[in-house]
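Undergrad: Before we start, here is the structure in question, set down as structure tokens.
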């Protein structure tokens with residue numbers, strides 16, 4: 259994956275349903291919601307954060323499963339229950355000190371389009387809505403919840419020349 263702009267990403271922002279998950283939502287008999295997250299995506303996010311690149315969540319839904327996953331990964335930049343994702347870009351910039359041009363956003367569906375037009379790098383997962391893929395600067399090979407986030411994380415790390423060093427740690 260080589261796309262101009264990957265090396266300039268200082269903050270990776272992610273949608274949840276359809277990006278960090280495959281878009282499925284499971285309810286049990288008590289109405290409790292369950293989400294399934296990909297462990298490889300999680301390692302990619304950890305590697306990115308360990309390299310000093312920020313990670314944040316911007317999602318329209320709320321739920322404890324997401325909070326538990328973010329806590330597990332050490333992600334504390336979380337905006338859930340958001341109806342106007344684009345309006346958050348300035349707020350995120352003020353909170354982090356990172357310009358919109360140095361932010362990337364990964365989305366999969368129509369509510370993601372407004373924020374994708376306001377960041378430096380707009381990314382769509384492979385199985386995103388067709389309008390989202392046509393508006394994206396980059397489309398992953400992997401679908402949401404099945405390695406798309408890992409693909410982006412590795413792409414950023416490779417563009418910054420950090421991937422070889424990470425591989426050596428594990429060999």
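Numbering (the numbering used here), first residue to last: 259 to 429.
Each residue gets a CB set at the ideal place from its N, CA and C atoms; glycine is no exception.
#1: Assign residue 290 to buried or exposed, taking buried as 16 or more other Cβ atoms, counted over all protein chains shown, within 10 Å of its Cβ.
#2: At which residues does the beta strand (DSSP E) containing residue 315 begin and terminate?
#3: Given a threshold of 16 other Cβ atoms within 10 Å of its Cβ, counted over all protein chains shown, does residue 288 qualify as buried or as exposed?
#4: Measure the Cβ-Cβ separation of residue 369 and residue 318 and say whether it is below 7 Å.
#5: Name, in chain order, the residues that DSSP records as bridge partners for residue 414.
#6: Tell me which same chain residues have a C-beta within less than 8 Å of the C-beta of residue 341, skipping the five on either side of it?
#7: Would you give the residue range spanned by the beta strand (DSSP E) that residue 382 belongs to?
#8: I'd like the list of long-range same chain contacts for residue 259, defined as Cβ closer than 6 Å, with 5 residues on each side in sequence excluded.
#9: Looking at residue 293: is its Cβ nearer than 7 Å to the Cβ of residue 323?
#10: Any idea which residues DSSP pairs residue 344 with across the strands?
#11: In this structure, how does DSSP classify residue 265 when only helix, strand and coil are distinguished?
#12: Quick one: give me the first and last residue of the beta strand (DSSP E) that residue 274 is part of.
#13: Once you ignore the five residues that flank residue 382 on each side, which residues in its own chain have a CB closer than 7 Å to its CB?
#14: Beta-carbon separation of residue 275 and residue 281 under 7 Å?
#15: Please state if the CB of residue 334 and the CB of residue 320 are separated by a distance shorter than 7 Å.
#16: What are the boundary residues of the beta strand (DSSP E) that residue 362 is part of?
#17: Express the C-alpha separation of residue 426 and residue 385 in angstroms, rounding to a whole number.
TA: Concretely, from the data shown:
#1: Exposed.
#2: First-last of the beta strand (DSSP E) with residue 315: 312 to 316.
#3: Result: exposed.
#4: With respect to the 7 Å criterion, residue 369 and residue 318 are classified as neighbours on the basis of their beta carbons.
#5: Under DSSP, residue 414 shares a beta bridge with no residue.
#6: Beyond the five residues adjoining it in sequence on each side, residue 341 comes within less than 8 Å, by CB distance, of 318 in the same chain, given in chain order.
#7: Element bounds for residue 382: 379 to 382.
#8: Interpretation of residue 259 is limited by its pLDDT of 48, a score under 50 that renders its predicted location unreliable; the figure taken from the coordinates is listed afterwards. 413.
#9: Cβ distance < 7 Å, so residue 293 and residue 323 count as in contact.
#10: For residue 344, which the question treats as bridged, DSSP gives no partner whatsoever.
#11: Under the three-state reduction of DSSP output, residue 265 falls in the helix class.
#12: Careful: residue 274 lies outside any beta strand (DSSP E) and carries neither H nor E.
#13: The answer, listed in chain order, is 365, 366, 390, 391, 394, 397.
#14: Yes.
#15: Taking the C-beta atoms as reference points, residue 334 is found no nearer than 7 Å to residue 320.
#16: Its beta strand (DSSP E) spans residues 361 to 365.
#17: About 32 Å.
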